[in-house]
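Worksheet for the structure shown next.
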Amino acid sequence: MQSVRALTLTAAMLALAACNRERAPPSTPAGVAAATTIDFADVANYAAPTLPAYFDETVAALDNNPASNPVDDRVATLGRVLFHDLRLSTNNRASCASCHQQRFGFTDPMRFSNGISTAGTTDFHAMRLGNLRYWQPGTMFWDRRAADVEAQASQPLHALVEMGWGGPAGGIDALTRKMAATAYYPDLFAWAFGNATISEPRIQQALAQFVRAMVSRDSRWDAGYARVFSPTAANRALDVDLPDFTPEENRGRHLFMADVDQGGAGCAACHRPPTFALAADARSNGLDAGETRLFKAPSLRSVGLTGPYMHDGRFATLAEVVDFYASGARDGPALDPRLRHGSEPRRLDLDAADRAALVAFLKTLDDPALTTDPRFGDPFRR
Numbered sequence: 001m002q003s004v005r006a007l008t009l010t011a012a013m014l015a016l017a018a019c020n021r022e023r024a025p026p027s028t029p030a031g032v033a034a035a036t037t038i039d040f041a042d043v044a045n046y047a048a049p050t051l052p053a054y055f056d057e058t059v060a061a062l063d064n065n066p067a068s069n070p071v072d073d074r075v076a077t078l079g080r081v082l083f084h085d086l087r088l089s090t091n092n093r094a095s096c097a098s099c100h101q102q103r104f105g106f107t108d109p110m111r112f113s114n115g116i117s118t119a120g121t122t123d124f125h126a127m128r129l130g131n132l133r134y135w136q137p138g139t140m141f142w143d144r145r146a147a148d149v150e151a152q153a154s155q156p157l158h159a160l161v162e163m164g165w166g167g168p169a170g171g172i173d174a175l176t177r178k179m180a181a182t183a184y185y186p187d188l189f190a191w192a193f194g195n196a197t198i199s200e201p202r203i204q205q206a207l208a209q210f211v212r213a214m215v216s217r218d219s220r221w222d223a224g225y226a227r228v229f230s231p232t233a234a235n236r237a238l239d240v241d242l243p244d245f246t247p248e249e250n251r252g253r254h255l256f257m258a259d260v261d262q263g264g265a266g267c268a269a270c271h272r273p274p275t276f277a278l279a280a281d282a283r284s285n286g287l288d289a290g291e292t293r294l295f296k297a298p299s300l301r302s303v304g305l306t307g308p309y310m311h312d313g314r315f316a317t318l319a320e321v322v323d324f325y326a327s328g329a330r331d332g333p334a335l336d337p338r339l340r341h342g343s344e345p346r347r348l349d350l351d352a353a354d355r356a357a358l359v360a361f362l363k364t365l366d367d368p369a370l371t372t373d374p375r376f377g378d379p380f381r382r
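For the sequence shown, full-length UniProt numbering gives the first residue as 1, with consecutive numbering after it.
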């Protein structure tokens, strides 16, 4: 009987030890550790960020993250590596982060971006990425040509002036062979997906998860709004003076939040707080007469960190942007109804002080936390 008890106890201890081994954090493979700072035993939190109270169900309803690609910390971590990896270009010169630079709110201070060569540039200005997940239609690029973030994620890989894999370079097959030959991608894909297969759909999934995790919520506006927010207040207390704002900033906040018939500029009707992403039904803003294209604008978070602005970077400063809405909107088939007054484009009656106040308010949306968050920084050992 004693022998049976001993055998039973030994079996239980062995089972517990096996269970503990299974639960033990995985060690980082040597190739991954040599190339990056990624630690398999200490995974960053992308899937469950702590959000302010005003990022409630009204904001969650705008989330364009599909059920088919729920955010997973490992997959998003792989996305971080992909986003910053120069080796994803044909000549090891360009990465996603080359055009979407963290310190500038994930945009480029250049009007048009260089990719694999300074001889060529992109057709459009690089978009800011913060709060991209709260654009409800989910379509991507300035001209909305990609159905979702996943479809957008790998298009720069194919573009000849960006990552260069189109045409004679061999396409995605040539890229995945290059990735498979590295000392780190097979282990990273196996860790994230369960096996080492590298494919375009997996690249799309990982990059989309990483970019959607860029939630901007730590600006000066957030700090002030958190102190006055009430879900039951009129307009959720969006048009209430914020503590620690200057009188000019609060004037700009009122102009932004209030409708034109309430003495405001009506900006919030298209750039919806608290995410400041574009309204789902927004059309175009009258940049050019006769415009037929429907443009997508990025969230206004961190808009003050750098110009230029608009899809073609035509405005160098925020002051020029405000001047345009005050006096420059043109008519066309795609003009948003909110920018129309009767049969004519609406031109806001703003004096110099009000224009300066709007610029001052827009700068309160800059998010120093997102632009320095190590979860979104370069993981490579350069």
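Every residue, glycine too, gets a C-beta built ideally from N, C-alpha and C.
Here the structure is a predicted model, which is why all the values come from computation and not from measurement.
Can you tell me whether residue 249 is buried or exposed? The criterion is at least 16 other CB atoms within 10 Å of its CB, across all chains shown. A residue is called buried when at least 16 other Cβ atoms come within 10 angstroms of its Cβ; residue 249 meets this threshold and is buried.
In its own chain, which residues sit with a C-beta less than 7 angstroms from the C-beta of residue 214, not counting the 5 before and 5 after it? Non-local C-beta neighbours of residue 214 in its own chain, meaning closer than 7 angstroms and more than five positions away in sequence, comprise 106, 129, 130, 132, 370, 376, ordered along the chain.
Excluding sequence positions up to five away, which residues of its chain have a Cβ less than 7 angstroms from the Cβ of residue 45? For residue 45, the CB contacts under 7 angstroms within the same chain, skipping 5 residues up- and downstream, are 73 in chain order.
Considering only residues of the same chain and omitting the five flanking positions on each side of residue 69, which have a CB-CB separation below 7 angstroms? Cβ neighbours of residue 69 beyond the five flanking positions: 150, 205, 208, 209.
By Cβ distance, which residues of its chain are closer than 6 angstroms to residue 313, with the 5 residues on each side in sequence left out? So the qualifying residues of the chain are 111, 125.
Mind checking which residues open and close the alpha helix (DSSP H) that includes residue 102? Premise fails: residue 102 is in no alpha helix (DSSP H) and is neither H nor E.
Specify the secondary structure class of residue 184 as computed by DSSP and reduced to three states. Coil at residue 184, not helix or strand.
Measuring CA to CA, which of 176, 350, 338 is closest to residue 90? If we check each option's Cα against that of residue 90, 176 comes out closest.
Evaluate contact between the stretch 54–63 and the stretch 131–147, counting only Cβ atoms and requiring at least three cross-stretch pairs below 8 angstroms. Touching, yes, given that three or more Cβ pairs across the two stretches are closer than 8 angstroms.
Excluding the five sequence neighbours on either side, which residues of its own chain have a C-beta within less than 6 angstroms of the C-beta of residue 21, listed in chain order? Residue confidence is low: residue 21 scores 40 on pLDDT, short of 50, so the model does not pin down where it sits. Its coordinate-derived value is still stated next. Annotation for residue 21: no residue places its beta carbon closer than 6 angstroms to its own, counting only its chain and skipping 5 residues before and after.
Per DSSP, what kind of secondary structure is residue 46 in: helix, strand or coil? In this structure, DSSP gives residue 46 a state outside helix and strand, which the three-state scheme calls coil.
Give the DSSP-derived three-state secondary structure of residue 300 in the structure shown. The three-state reading of DSSP puts residue 300 in coil, since its state is none of H, G, I, E or B.
Mind checking which residues open and close the alpha helix (DSSP H) that includes residue 201? Going by DSSP, residue 201 is part of the alpha helix (DSSP H) stretching over 200–212.
Is it true that the stretch 274–282 meets the stretch 297–311, where meeting means three or more beta-carbon pairs spaced less than 8 angstroms apart? The stretch 297–311 and the stretch 274–282 touch, with three or more beta-carbon pairs separated by less than 8 angstroms.
Starting from residue 357 and walking both ways along the alpha helix (DSSP H), at which residues does that stretch end? In the DSSP annotation of this structure, the continuous segment of the alpha helix (DSSP H) that includes residue 357 starts and ends at 352–363.
When we look at the beta-carbon of residue 194 and count the other beta-carbons within 10 Å, is it buried (16 or more) or exposed? Counting Cβ neighbours within 10 Å, residue 194 comes out exposed, since fewer than 16 surround it.
With DSSP collapsed to three states, give me the class of residue 77. If DSSP states are grouped into helix, strand and coil, residue 77 belongs with the helices.
Return the residue from the list 188, 33, 29, 25 that minimises the CA-CA distance to residue 41. The shortest C-alpha separation from residue 41 is found at 25.
Among 364, 319, 187, whose alpha-carbon lies nearest the alpha-carbon of residue 247? Measuring from the Cα of residue 247, the nearest candidate turns out to be 364.
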